[in-house]
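Below is one structure; the comments refer to it alone.
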Amino acid sequence: MADNRIYNFSAGPSMLPVPVLERCAADMLNYQGSGMSVMEMSHRSKVYDGIIKETEATLRRVLSIPDNYKVLFLQGGATTQFAAIPMNLLKTGKADYALTGSFASKAYKEAQKFGDMHAAFSSKETNFDHVPTQDELDIRPDADYFYICANNTIYGTEYQYDPETPAGVELVADMSSNILSKPVDVSKYGVIYAGAQKNMGPAGVTVVIVREDLLGNYPLEKYPVMLDWKTMADKDSMYNTPPTYGIYVLGLVAKWVEDMGGVKAMQERAEKRSSMLYDYLDSQDFYKTVAAKDSRSHMNVTFRTGNDELDAKFAKESMAAGMSNLKGHRSVGGMRASIYNAMPIEGVEKLIDFMKKFAEENK
Ligand SMILES: *Cc1c(COP(=O)(O)O)cnc(C)c1O
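Residue numbering for the sequence shown follows numbering that gives the first Met the number 0, beginning at 0 and increasing consecutively.
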């Protein structure tokens, strides 16, 4: 069954580990003797309660999430959290954002509806080719939080450090496209959140990891109950029907990460995959990289030939060779190889072989 799969370099939804998909298939008609699939189960049932609890416990182990953090499984994608973050966190009404790409900019724009927002950094003028160094950050000391997009999926840039914030300014991070790819010191963050469909599971579930003392400032009398993290935390993500199947798959992915050696092993694999690509890119001059060297992402590798027609030809011919979704995002152009946890080394080897051949044929 797995033999005829192709290497899918999609930025998201993206590849899932084959053992996880096989497990889903085996569980499909009758989940562990329950007589039904996970999709058909009441979220209030005992069996499902076991699934969501196990998903949370596994994620907590894998990411070493401290006990004073809540883990929420929500709907609406990462984009809904662009609003939920200021709605839940603002106290003084001020927050600061590092504008490092489309998603950070969208989050900033959404937050402006709720208070006084300030750009602590922007790389817009150079088409978001880098993330800031600590020295470049201009964070207001009276801001409620400072927001980063930890990995910029579209531009292929990634923070290689956890930014420091002035005392009392909570660090908030969108880790949609690099969560579970390396160890993270959760205690440095007030909130970490991520849509699942890049590196954690299928689309439809968003994880929010929030320190407990940050809950309870939400103006429930005027904002929708669905976006109140405290309501969701108090109800164990079951205020209403949670995205049941996605949570189950996310649990299997987290278990797969654990069985493979955890996030440390994922980091080693990610560094291997990405350095194979960057080493090749740096060794030749047919392709140019897009991201500045010290900002390069381990998850999304962006490059171009400098000729739009050749880029289009690359996308087409790589697809014919069994590698899908290598076309870059429309705001960057060129190519993008998304190489998340589930991408085997063989996929990257095959891509590099193809790149060499393509360069030879189109010089
Ligand atoms: C994909 C992505 C988003 C948007 O996620 P949705 O689930 O589609 O709302 C936000 N941030 C980052 C970093 C992403 O990669």
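C-beta atoms are modelled at their ideal positions from N, C-alpha and C, and glycine is treated no differently.
Remark: the C-beta of ASN150 is in contact range of ligand 1, defined as less than 8 Å to any heavy atom.
Residue pairing by DSSP places ALA336 opposite VAL300 in a beta bridge.
Between the C-alpha atoms of ASN7 and MET298 there is a straight-line separation of about 13 Å. Distance from the C-beta of THR205 to the nearest heavy atom of ligand 1 is below 8 Å. Non-local C-beta neighbours of GLU257 in its own chain, meaning closer than 6 Å and more than five positions away in sequence, comprise VAL61, ordered along the chain. Note on the stretch 171-198: whole beta strand (DSSP E) runs with a minimum of 3 residues are 190-194, in chain order. From the listed residues MET322, MET354, LEU213, TYR277, the smallest Cα separation to MET342 is found for MET322. In this structure, the CA atom of VAL19 is about 29 Å from the CA atom of TRP228. Counting along the chain, TYR96 sits inside the beta strand (DSSP E) bounded by residues 93-98. Of the residues ILE191, ALA358, LYS197, LYS181, the one whose Cα lies closest to the Cα of VAL207 is ILE191. Judged by the Cβ position, THR79 qualifies as a neighbour of ligand 1 at the 8 Å threshold, a heavy atom of the ligand being closer than this. Distance from the CA atom of ALA166 to the CA atom of LYS93, rounded to whole angstroms, is 15 Å. ILE147 is bridged by DSSP to ALA172. Around the beta carbon of ARG303, 16 or more other beta carbons lie within 10 angstroms, which makes this residue buried. For ASN3, the three-state secondary structure derived from DSSP is helix.
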